[in-house]
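Protein chains in written order, with this note's numbering: chain L, 1436 to 1677; chain G, 1436 to 1677.
Glycine residues also receive a C-beta, built at the ideal position from the N, C-alpha and C atoms.
Everything on this sheet refers to the single structure shown next.
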DNA sequence: GAGGAGCGTTGATGTGGATCAAGCCAGAGG
DNA sequence: CCTCTGGCTTGATCCACATCAACGCTCCTC
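This is the structure we're talking about:
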């Protein structure tokens, strides 16, 4: 098997590319550059011109915005199957966020110019890209809603529910995908307050042992998280949909 | 001139459709249904299945999310040249937000199914849609960043700067596009606190007379709003880029 | 097994914004 | 002209979260 074949397998497994004709996948495989980085590596910096779409095969990448005073906000944590810099590539405008590996990561880079050309020639790819950004947009909308109308414990409850596989019987076991400092940043608070939020949820049947979390009463938790979870099957946590 | 010709003129003026071949514009004009509504009209409700892309010709539409307790958050206020429900149409998933006219509005509706078909056949349209959602995504990213790392007066300062035409000499006059209650909701605070935020900016050369606002020292304001405005030429306020 | 480093929790205190409520002002209607 | 109404501002108080700091724990090294 050639290297390109191997890349083709990785690409076919990306949720955003599911269902694309083999010709397109092959063309993408020919463009893709594999990349392996250690934790802490900066993959792109806010303000720079967009060069390549990044697809995450394994590991975690956090997307953050920096303030003038040096403080940073984690806008999203990308998980395997996810992508980043898609919007910048499509609009051709500078990155709004800095991408930094939060753990050792394997990725594929698809150069912007070639991707553009290919998408122009292949409507199916263009639509796949459109659907993908649309998914990213929806995740951001959910986050804005979260920030504007939920308290921190509610946001945490909501986040935990997203991690739980749907349709499991009551004592649901969940594993936090990354350490609490990063989770705090993603939820928009300090580690100290995340700790307090976990403590507050204890009364609602949430038990924590390090990264292991057990939800004894998801229904009650859902009720506590308030805003109609009806529309949220959509979950940010679903790989490839964030 | 037929009605379709008139619609064609409106469509050609939409920023998101700029540069599309006339054939595509004509096809869109044939699909488009004009719509005129009074203030307060609900155009779609969160949770419903996506039916049509909405383009706003004039007036204002607020996109809001409702909490279980009845409180609502305004996620975005769409201004003329903007669109909404694009992401839901592309993903085929339920609306995440309720759209309600904040002022009398004229719109065009493009039915989802037909739009899909057309975009599949016309790569240029598919890419235009992708670019448009990408722009919407970026606006949401900026808002998340805002909420996570700016204080209310800073968010207000940033918002005012976006309203100001770039490259104007110091005493910049700005008109608030909608009343202060709605502005407060969009910024994620209560009217009472918006008032205090305006009061705080008075010391930075911001003078208010109802909806008229004068920025005496934009540079200082920009400095106060902190996070590097470098990447923000992108402005949420730019019509069609929201 | 002793020491140290890093994450996580807990406590004490400060602050931004919410909340509740009273006043202000302009425009509409009598 | 007076009154009523609704949007805006201001004041007093409260609460969620930030901040600063101490402490406990686990893992890692020596």
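Any chain G beta carbon closer than 9 angstroms to residue 1455 of chain L | Taking the first chain and counting its residues from 1, one reaches residue 1455 of chain L at position 20. Chain G, which has no Cβ nearer than 9 angstroms to the Cβ of residue 1455 of chain L, makes this no.
Residue 1626 of chain G, enclosing alpha helix (DSSP H) - first and last residue | Here residue 1626 of chain G refers to the residue found at position 191 of the second chain. Looking at the DSSP string, the run of the alpha helix (DSSP H) that includes residue 1626 of chain G is 1626–1637.
Based on the DSSP secondary-structure assignment, which residues constitute the bridge partners of residue 1519 of chain L?
-> Within the first chain, residue 1519 of chain L is the residue found at index 84, counting from 1. Paired residue(s): L/1489.
Is residue 1529 of chain L near residue 1481 of chain L, with beta carbons less than 9 angstroms apart?
-> Counting from one through the first chain, the residue named residue 1529 of chain L turns up at place 94. Counting from one through the first chain, the residue named residue 1481 of chain L turns up at place 46. Going by C-beta atoms, residue 1529 of chain L is nearer than 9 angstroms to residue 1481 of chain L.
Contact set between residue 1525 of chain G and chain L, taken where Cβ atoms lie within less than 7 angstroms = Numbered from its first residue, the second chain carries residue 1525 of chain G at position 90. Within 7 angstroms Cβ-Cβ: 1565, 1566, 1569.
Mind checking who residue 1644 of chain G pairs with in its DSSP beta bridge?
-> As a working note, residue 1644 of chain G is residue 209 in the second chain. In DSSP, residue 1644 of chain G forms a bridge with G/1647.
Residues bridged to residue 1609 of chain G (per DSSP) = One-based indexing of the second chain puts residue 1609 of chain G at position 174. G/1648, per the DSSP bridge assignment.
Within the region 1491–1573 of chain G, ranges of the beta strand (DSSP E) (whole runs, at least 3 residues) = 1496–1501, 1507–1513, 1533–1536, 1540–1546
Is there contact here, the region 1502–1513 of chain G with the region 1469–1476 of chain G, by at least three beta-carbon pairs under 8 angstroms?
-> no
N- and C-terminal bounds of the alpha helix (DSSP H) containing residue 1653 of chain L = Your numbering for residue 1653 of chain L matches position 218 in the first chain. Note, residue 1653 of chain L: alpha helix (DSSP H), 1653–1660.
Given residue 1652 of chain G as reference, the closest of G/1636, G/1644, G/1646, G/1645 once Cα atoms are compared = Along the second chain, read from residue 1 onward, the residue named residue 1652 of chain G stands at position 217. Out of G/1636, G/1644, G/1646, G/1645, G/1636 has the C-alpha closest to the C-alpha of residue 1652 of chain G.
Does the beta carbon of residue 1633 of chain L come closer than 9 angstroms to any beta carbon on chain G?
-> As a working mapping, residue 1633 of chain L is identified with position 198 in the first chain. No, residue 1633 of chain L does not count as interfacial toward chain G.
From the beta carbon of residue 1451 of chain L, is the nearest beta carbon of chain G less than 9 angstroms away?
-> Within the first chain, the letter at position 16 stands for residue 1451 of chain L. Not an interface residue.
Just the C-alpha distance for residue 1657 of chain L and residue 1645 of chain L, rounded to the nearest angstrom, thanks.
-> Taking the first chain and counting its residues from 1, the one referred to as residue 1657 of chain L is at position 222. Taking the first chain and counting its residues from 1, the one referred to as residue 1645 of chain L is at position 210. Approximately 22 angstroms between the Cα atoms of the pair.
Just how far apart, CA to CA, sit residue 1534 of chain L and residue 1442 of chain G?
-> Residue 1534 of chain L sits at position 99 when you count from the first residue of the first chain. Residue 1442 of chain G sits at position 7 when you count from the first residue of the second chain. When rounded, the distance between both Cα atoms is 42 angstroms.
Is the shortest distance between the beta-carbon of residue 1476 of chain L and the beta-carbons of chain G less than 9 angstroms?
-> Residue numbering aside, residue 1476 of chain L sits at position 41 when the first chain is read from its first letter. No, residue 1476 of chain L lies away from the interface with chain G (no Cβ there is under 9 angstroms from its Cβ).
Output, in sequence order along the chain, the residues in the region 1526–1541 of chain G whose CB is closer than 8 angstroms to any CB in chain L.
-> 1526, 1528, 1529, 1530, 1531, 1532
DSSP three-state assignment for residue 1456 of chain L, whether helix, strand or coil | Taking the first chain and counting its residues from 1, the one referred to as residue 1456 of chain L is at position 21. Correct three-state label for residue 1456 of chain L: coil.
Identity of the residue in G/1457, G/1602, G/1470, G/1570 nearest residue 1539 of chain G by Cα = Residue 1539 of chain G sits at position 104 when you count from the first residue of the second chain. Residue 1539 of chain G has its Cα closest to that of G/1470, out of G/1457, G/1602, G/1470, G/1570.
Less than 9 angstroms separating the beta-carbons of residue 1617 of chain G and residue 1632 of chain G?
-> Indexing the second chain from 1 puts residue 1617 of chain G at position 182. Indexing the second chain from 1 puts residue 1632 of chain G at position 197. Going by C-beta atoms, residue 1617 of chain G is not nearer than 9 angstroms to residue 1632 of chain G.
Any C-beta of chain G under 9 angstroms from that of residue 1458 of chain L | Walking along the first chain from the start, residue 1458 of chain L turns up at place 23. Output row for residue 1458 of chain L: interface = no.
Output, in chain order, the set of chain G residues within a Cβ distance shorter than 7 angstroms of residue 1561 of chain L.
-> What you label residue 1561 of chain L is simply residue 126 of the first chain in a count that begins at 1. By Cβ distance, chain G contributes 1558, 1561, 1562, 1565.
List the residues that DSSP assigns as beta-bridge partners of residue 1577 of chain L.
-> For the purposes of this step, residue 1577 of chain L is taken as the residue at position 142 of the first chain. Its beta-bridge partners do not exist; DSSP assigns none.
Three-state class that DSSP yields for residue 1600 of chain G in the structure shown = To locate residue 1600 of chain G, count along the second chain from 1; it is residue 165. Residue state, collapsed to three classes: coil.
Under 7 angstroms by beta carbon: chain L residues contacting residue 1576 of chain G = As a working note, residue 1576 of chain G is residue 141 in the second chain. Going along chain L in sequence order, the residues near residue 1576 of chain G (Cβ under 7 angstroms) are 1510, 1531, 1532, 1575.
Give a yes or no on whether the minimum CB-CB distance between residue 1572 of chain G and chain L is below 9 angstroms.
-> Locating residue 1572 of chain G in the second chain gives position 137, counting from the first residue. So yes, residue 1572 of chain G belongs to the interface.
For the putative contact between residue 1532 of chain L and residue 1556 of chain L, defined by C-beta atoms under 8 angstroms, what is the C-beta separation to the nearest angstrom?
-> Residue mapping note: residue 1532 of chain L aligns to position 97 of the first chain, counting from 1. Residue mapping note: residue 1556 of chain L aligns to position 121 of the first chain, counting from 1. Contact doesn't hold; Cβ gap of about 29 angstroms is too wide.
DSSP puts residue 1468 of chain G in a beta bridge; with which residues?
-> Indexing the second chain from 1 puts residue 1468 of chain G at position 33. For residue 1468 of chain G, which the question treats as bridged, DSSP gives the partners G/1544.
Status (buried if at least 16 other CB within 10 Å, exposed otherwise) for residue 1462 of chain L | Translated into the one-based positions of the first chain, residue 1462 of chain L becomes position 27. Under this definition residue 1462 of chain L is a buried residue.
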